[in-house]
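Worksheet: one structure, shown below.
Numbering (the UniProt record's numbering), first residue to last: 1 to 149.
Next comes the structure, spelled out in structure tokens:
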């Protein structure tokens, strides 16, 4: 097995450096969207946790004899929408089904149209440029012994 990138990470014939670089930027943008989506899920989880924890605090206020204050907090905050008409799960669904799905679909469309759908070509070529050929821990892919032809 030669110490070269697998076919999935080799540039198709005739594809320019500019195209690989441009698709690398599109991929970089998708990575940022994935991180943003993760933060949105963090927002979802933390908002849900806050609502449940607030419910516990309201019950404790009531048990401590502060029923009027507990009633205000329960009425005004417990179970409240975080955005107009939406709990966070609805925000997530709208994001996932809209912007996120479109971004993923169009990023794939660009790769399909220009580089046979291959992913991470820019990074694969950067790896080839930066790794020290012939050394362990610098192989092009798993299962290759340095120096194999």
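Virtual Cβ for every residue (Gly too), placed ideally from N, Cα, C. Only a predicted model underlies this, so the values are computations on that prediction, with no experimental measurement involved.
Which one or two residues does DSSP pair with residue i in a beta bridge?
i          : result
residue 83 : 86
For residue i, which residues from the same chain have a beta carbon less than 7 Å from its beta carbon, with the 5 sequence-adjacent residues on both sides left out?
i           : result
residue 43  : 88
residue 20  : 11, 121, 122, 125
residue 116 : 12
Only counting the same chain, and skipping five residues up and downstream in sequence, which positions put a Cβ closer than 8 Å to that of residue i?
i          : result
residue 79 : 51
residue 54 : 73, 77, 78
residue 58 : 70, 73, 74, 78
Would you kindly work out how many angstroms separate the C-alpha atoms of residue i and residue j, rounded to a whole number?
i           : j           : result
residue 114 : residue 75  : 55 Å
residue 10  : residue 121 : 7 Å
residue 41  : residue 66  : 34 Å
residue 26  : residue 64  : 56 Å
residue 125 : residue 85  : 47 Å
residue 139 : residue 22  : 26 Å
residue 111 : residue 48  : 37 Å
residue 131 : residue 119 : 19 Å
residue 99  : residue 32  : 13 Å
residue 149 : residue 8   : Since pLDDT at residue 149 reaches only 48, below the 50 mark, its modelled position is unreliable, and the value read off the structure follows with that caveat. Using only the alpha carbons, I get a separation of about 19 Å.
Going by DSSP in three states, residue i sits in which element: helix, strand or coil?
i           : result
residue 18  : helix
residue 50  : helix
residue 118 : coil
residue 44  : helix
residue 10  : coil
residue 106 : helix
residue 67  : helix
Kindly list the residues whose CB is nearer than 6 Å to the CB of residue i, restricted to its own chain and excluding five residues on each side of it in sequence; keep chain order.
i          : result
residue 34 : none
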